[in-house]
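Everything below concerns the one structure shown next.
Chains as they are written, first to last, in the UniProt record's numbering: chain A, 1 to 251; chain B, 1 to 384.
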């Protein structure tokens, strides 16, 4: 059954034109592995990436991605991966407001993206945020400032061809009222929502959860093959990647 | 085609009254469809404006949610050439740099290296950099709108996409103040806006509905009655809701009456198509007929008799002068009409009679304004 492994089902479900990808997960089914896969894919084929890491230090990503066959340290040295270590964000604000530090952060991201653009690099560039819930914590719970920051990141993707934004959010920490602040607006700006959830039938030994992919893109080039907009399949996370398969196709 | 709403927007305001306003609403359950319906209506209004059929001479789009290029692309695909786009469409770009961060970056870069100037935007896109200042926003919209060419008083239409994004930056009071100021400005012909109703408390969206004369709400075709919304596990519902939605329009007439129109919205390539449900339901009725136990079909003779009934809308091909009743005096010829005096007026379908019999219904139009077979209420302008 290896033909359906290696992220093939995920790539089939994700169309190439999606500019804003929102990955939703919960405690029972973390979706960090989706970010790792997307990061690996972003760096493959000469593309560049900026990783805004609030959840983990660089070594964590380095070790995980190395097992998947992608050397982050090398990419970082060669300038294709720009790693923003934001675990202490916004440490050095010097009395400025949170909006100012987010504006500074955006400035740094835009410089990286501009540098990539002026080099005449036609390859893909991916801005990845891991994760937005922690950015909200860093912003002292001000969802509005976080949304402003996100909006500017989204404008990058529309200004530049081949630029995409990937955002991870833990959807289970928002109740239905809290969700209005950050989760719902995020779903509105998304072209593609990837949602990880535990199996509805309970725990299983060889299935770790289910993944739903919803394509919301308005433009025709943002449609995946066969015009299907909603995909649902199971996943199993492995050391060197993940397996994706349709329910019932594997025992 | 959401005809009624677009017709109101096209016809614009009457002197001394507020401009007609359309609120397009949608929730996340059919999220892209509400936005696409908005794009569709905006582009339709733009086509009317460019063709000179509308009261407005131009359209100002206030873009918060989508890049201005999306609008221009969409209008180009709808058949507007760059010439008429440049003449009739202005876009106030609140998307690219709503808080002025990019400008700050540029000014810093200029201090450092006096670097390359940013790529110049096109003529009909104006970047607005302080969305928190609602007063300035109002001034910019009106400045843009008064710039359209045309002799005499030039009207223009305004489209806001979307109110929900504006509400992140300003209070409900200031935004509703902005909208009422726009509606009462004497050069604004019509105004429309998009609102994501599930992002706000219900009272807020209702407050904005009160400001409008028309509300078009895009609702999901299928709702999971058990779980309500956002149960992503149920895939078939979602797939269905992303290609089709209900499109309900509520029109407030000037005499205070409210008219409801139920339409359906289908995705068709890059565009959406809005069709009225009635046309769908007649097809359904026809296919349902044979399943009934009784014979409801007409016989050949009944059919031919029915075809002989002259419909009341016009004197079809009978060379009679078309008379228009002006409401003051009775028509002199009316009592002379043999059909009226001798026979009572017949109902729509005449029962089978001898072959010579023919049905006729007499009807005199009130005025030339009323188009034959129009769905407009003939008493709409009645002032009681």
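Where a beta carbon is used, it is the ideal one built from N, C-alpha and C, also for glycine.
Keep in mind it's a predicted model, so treat the numbers as computed, not measured.
Nearest candidate by alpha-carbon position, reference residue i, set the options
i, options, result
"residue 81 of chain A", "A:119, A:125, A:98, A:89", "A:125"
"residue 113 of chain A", "A:36, A:35, A:160", "A:160"
"residue 233 of chain A", "A:211, A:26, A:107", "A:211"
"residue 243 of chain A", "A:206, A:119, A:28, A:229", "A:206"
"residue 199 of chain B", "A:203, A:195, A:188", "A:188"
"residue 139 of chain B", "B:267, B:179, B:165", "B:179"
"residue 48 of chain A", "A:77, A:33, A:240, A:180", "A:77"
"residue 11 of chain B", "B:222, B:193, B:157", "B:157"
"residue 55 of chain B", "B:35, B:85, B:15", "B:15"
"residue 133 of chain A", "A:186, A:62, A:245, A:101", "A:186"
"residue 147 of chain B", "B:165, B:131, B:188", "B:188"
"residue 123 of chain A", "A:46, A:228, A:249", "A:46"
"residue 181 of chain B", "B:6, B:382, B:19", "B:19"
"residue 128 of chain B", "B:309, B:152, B:150, B:101", "B:101"
"residue 216 of chain A", "B:270, B:171, B:57, B:176", "B:270"
"residue 97 of chain B", "B:85, B:124, B:131", "B:131"
"residue 382 of chain B", "B:253, B:202, B:298", "B:253"
"residue 10 of chain A", "A:27, A:62, A:33", "A:33"
"residue 94 of chain B", "A:109, A:151, A:142, A:119", "A:151"
"residue 175 of chain B", "B:137, B:105, B:221", "B:137"
"residue 53 of chain B", "B:6, B:75, B:152, B:108", "B:6"
"residue 13 of chain B", "B:191, B:73, B:201, B:265", "B:191"
"residue 143 of chain B", "B:62, B:49, B:164", "B:62"
"residue 31 of chain A", "A:249, A:228, A:213, A:246", "A:213"
"residue 241 of chain A", "A:62, A:15, A:36", "A:36"
"residue 274 of chain B", "B:29, B:40, B:17", "B:40"
"residue 49 of chain B", "B:238, B:27, B:83, B:300", "B:83"
"residue 142 of chain A", "A:116, A:170, A:118, A:178", "A:178"
"residue 67 of chain A", "A:239, A:56, A:245", "A:239"
Expected contact under 8 Å - CB spacing of residue i and residue j to nearest Å
i, j, result
"residue 209 of chain B", "residue 4 of chain B", "With 8 Å as the limit, residue 209 of chain B and residue 4 of chain B do not qualify as a contact, their Cβ atoms being about 17 Å apart."
"residue 141 of chain B", "residue 60 of chain B", "6 Å"
"residue 196 of chain B", "residue 162 of chain B", "6 Å"
"residue 90 of chain A", "residue 101 of chain A", "4 Å"
"residue 130 of chain A", "residue 168 of chain A", "5 Å"
Proximity of residue i and residue j at Cβ, strictly below 9 Å
i, j, result
"residue 205 of chain B", "residue 25 of chain B", "yes"
"residue 88 of chain B", "residue 214 of chain B", "no"
"residue 255 of chain B", "residue 81 of chain B", "no"
"residue 92 of chain B", "residue 126 of chain B", "yes"
"residue 149 of chain A", "residue 86 of chain A", "no"
"residue 208 of chain A", "residue 166 of chain A", "no"
"residue 64 of chain B", "residue 134 of chain B", "no"
"residue 33 of chain B", "residue 242 of chain B", "yes"
"residue 218 of chain B", "residue 37 of chain B", "yes"
"residue 249 of chain B", "residue 216 of chain B", "yes"
"residue 127 of chain A", "residue 70 of chain A", "no"
"residue 58 of chain B", "residue 154 of chain B", "yes"
"residue 306 of chain B", "residue 296 of chain B", "no"
"residue 147 of chain A", "residue 182 of chain A", "yes"
"residue 260 of chain B", "residue 251 of chain B", "yes"
"residue 107 of chain A", "residue 105 of chain B", "yes"
"residue 47 of chain B", "residue 66 of chain B", "no"
"residue 231 of chain A", "residue 13 of chain A", "yes"
"residue 154 of chain A", "residue 19 of chain A", "yes"
"residue 2 of chain B", "residue 247 of chain B", "yes"
"residue 272 of chain B", "residue 265 of chain B", "yes"
"residue 90 of chain B", "residue 144 of chain A", "no"
"residue 27 of chain A", "residue 172 of chain A", "yes"
Any chain C beta carbon closer than 9 Å to residue i
i, result
"residue 174 of chain A", "The structure shown contains no chain C; its protein chains are A and B."
(request) Indicate whether the contact test is met: 3 or more Cβ pairs, each with one atom in the stretch 41-51 of chain A and one in the stretch 75-90 of chain A, closer than 8 Å. (result) By the criterion of at least three beta-carbon pairs nearer than 8 Å, the stretch 41-51 of chain A is in contact with the stretch 75-90 of chain A.
(message) Quick check on the DSSP output: what are the complete beta strand (DSSP E) runs of length 3 or more inside the stretch 13-48 of chain B, in order along the chain?
(response) Correct list: 21-26.
(request) Could you tell me whether the stretch 22-42 of chain A touches the stretch 193-208 of chain A, where touching means 3 or more Cβ pairs closer than 8 Å? (result) Touching, yes.
(request) List in chain order: all unbroken beta strand (DSSP E) runs of 3+ residues lying wholly within the stretch 14-99 of chain A. (result) Runs of the beta strand (DSSP E) inside the stretch 14-99 of chain A: 20-25, 48-53, 81-85.
(message) My parser needs the beta strand (DSSP E) runs of 3 or more residues fully inside the stretch 97-133 of chain A; what are they?
(response) Those beta strand (DSSP E) runs which fall completely within the stretch 97-133 of chain A and span 3+ residues are 125-130.
(message) So within the stretch 152-193 of chain A, which uninterrupted beta strand (DSSP E) runs reach at least 3 residues, ignoring any that extend past its ends?
(response) For the beta strand (DSSP E) assignment, the uninterrupted runs of no fewer than 3 residues enclosed by the stretch 152-193 of chain A are, from N- to C-terminal side, 163-170.
(request) Could you tell me which uninterrupted alpha helix (DSSP H) segments, each at least 4 residues in length, are contained entirely in the stretch 56-134 of chain B, listed from first to last along the chain? (result) Taking 4 residues as the shortest admissible run, the stretch 56-134 of chain B contains the following complete alpha helix (DSSP H) segments, listed from N- to C-terminal end: 68-77, 82-88, 101-113.
(request) Starting from the N-terminal side, write out each stretch of the beta strand (DSSP E) that is 3 residues or longer and does not extend beyond the stretch 174-201 of chain B. (result) Here the runs fully enclosed are 188-196.
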